[in-house]
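Engineer: Each residue of the sequence shown is one higher than the one before, counting from 0 in numbering that gives the first Met the number 0. Provided herewith is a single structure, encoded as structure tokens, for subsequent inquiry.
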Amino acid sequence: MNIDRELVARAMDKAGEEPINDIEWTEGTSTRVRLIKDFYLATILETLSGTDWTSQKKRAALELSDEVNLSNYYYMYNLPLDCAKPCNLVNDEDFYCEGGFLFSNTENAVLIYVKNYFTGKYTYRIVREPDTENITRYYTYNDETDEYTQATEYDMSNTYYERVDEDYNFYAQPVFDPILSEAVETRLASKIVLKLNGDNNKYQLLYSEAILAANNAVKNSAKHARNKNHGNKYWAQELGWE
Numbered sequence: 000m001n002i003d004r005e006l007v008a009r010a011m012d013k014a015g016e017e018p019i020n021d022i023e024w025t026e027g028t029s030t031r032v033r034l035i036k037d038f039y040l041a042t043i044l045e046t047l048s049g050t051d052w053t054s055q056k057k058r059a060a061l062e063l064s065d066e067v068n069l070s071n072y073y074y075m076y077n078l079p080l081d082c083a084k085p086c087n088l089v090n091d092e093d094f095y096c097e098g099g100f101l102f103s104n105t106e107n108a109v110l111i112y113v114k115n116y117f118t119g120k121y122t123y124r125i126v127r128e129p130d131t132e133n134i135t136r137y138y139t140y141n142d143e144t145d146e147y148t149q150a151t152e153y154d155m156s157n158t159y160y161e162r163v164d165e166d167y168n169f170y171a172q173p174v175f176d177p178i179l180s181e182a183v184e185t186r187l188a189s190k191i192v193l194k195l196n197g198d199n200n201k202y203q204l205l206y207s208e209a210i211l212a213a214n215n216a217v218k219n220s221a222k223h224a225r226n227k228n229h230g231n232k233y234w235a236q237e238l239g240w241e
């Protein structure tokens, strides 16, 4: 994923800042550039995971997990690696998500979800003294499967890991509709204002605008869903309306 400099410029403008110039981008050492690198990807992931963005929906047939199913559901599936927010199963059956798993009584489940463009693997490092009150922020490693799984409870016998970073190289270039782009740039602007100027009032204002943009997207999605039978069936299916 490359940083969209035009989106960043709009965010800087909303924050009342001058745009980052080419020299700053090339050198990459200014406070403003480092701030964007720290928060750009995190802001996108945060925005995607908070709303059922119709333009970002996709569907996938879920794979059964090899882990022991200790839930009250018949089936335990692995969530897709690029899942930002589970929306619904195609048959609208009940489901429950925990860690990287989805539990359901549906056989051969197909999930409609908001994607986050993740394509690769993270790098992990050992945590010597994990915060036991927030154990879900850590991961455990399975030697047999060579996989890291999000921790659900603390066990003294386990070794816990944390992700070193969320490397931009592990994400494909996102494609945003105008409302989603507005939500991302406004949320990014709120972080810029808070970090550069400490202006909490303007931060709250911009953050509220970002939430409003997300709410408008939900309303538009609901409107399209109500009218789906009057439109193109192919696109209704592609966008997860049916």
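Where a beta carbon is used, it is the ideal one built from N, C-alpha and C, also for glycine.
(1) Alpha helix (DSSP H) containing residue 177: first to last residue?
(2) Just checking my contact of residue 135 with residue 149 at CB under 8 Å: how many whole Å lie between their CB atoms?
(3) According to DSSP, is residue 207 helix, strand or coil?
(4) Once you ignore the five residues that flank residue 124 on each side, which residues in its own chain have a CB closer than 7 Å to its CB?
(5) Is the separation between the beta-carbon of residue 11 and that of residue 19 shorter than 8 Å?
(6) Using only CA atoms, which one of 14, 79, 69 and 43 lies nearest to residue 112?
(7) Nearest to residue 15 by alpha carbon, out of 191, 210 and 219?
(8) Please report the distance separating the alpha-carbon of residue 189 from that of residue 107.
(9) Could you spell out the range, first to last residue, of the beta strand (DSSP E) harbouring residue 111?
(10) Excluding the 5 residues preceding and the 5 following residue 117 in the sequence, name in chain order all residues of the same chain whose CB lies nearer than 7 Å to its CB.
Structural biologist: Here's the rundown:
(1) As a first step, residue 177 is located in the sequence shown; it is residue number 178 there, counting from the start. Where residue 177 is concerned, the enclosing alpha helix (DSSP H) stretches over 177-196.
(2) Within the sequence shown, numbered from 1, the residue matching residue 135 stands at position 136. Within the sequence shown, numbered from 1, the residue matching residue 149 stands at position 150. With 8 Å as the limit, residue 135 and residue 149 qualify as a contact, their Cβ atoms being about 6 Å apart.
(3) Walking along the sequence shown from the start, residue 207 turns up at place 208. Correct three-state label for residue 207: helix.
(4) Taking the first residue of the sequence shown as position 1, residue 124 is located at position 125. Taken in chain order, the residues that qualify are 160, 161 and 163.
(5) By one-based count along the sequence shown, residue 11 stands at place 12. By one-based count along the sequence shown, residue 19 stands at place 20. Yes; because the gap between Cβ atoms is below 8 Å, this pair is in contact.
(6) Here residue 112 is taken as the residue at index 113 of the sequence shown, counted from 1. Scanning 14, 79, 69 and 43 for the CA closest to the CA of residue 112 turns up 79.
(7) For the purposes of this step, residue 15 is identified with residue 16 of the sequence shown, where counting begins at 1. Of the listed residues, the one whose Cα sits closest to residue 15 is 191.
(8) Counting from 1 along the sequence shown, the entry for residue 189 is found at position 190. Counting from 1 along the sequence shown, the entry for residue 107 is found at position 108. It is roughly 42 Å from the alpha-carbon of residue 189 to the alpha-carbon of residue 107.
(9) On the sequence shown, residue 111 is found 112 positions in, with the first residue counted as 1. 109-114 is the span of the beta strand (DSSP E), which, as asked, contains residue 111.
(10) The residue labelled residue 117 in the question sits at position 118 within the sequence shown. Correct list, in chain order: 80, 81, 169 and 170.
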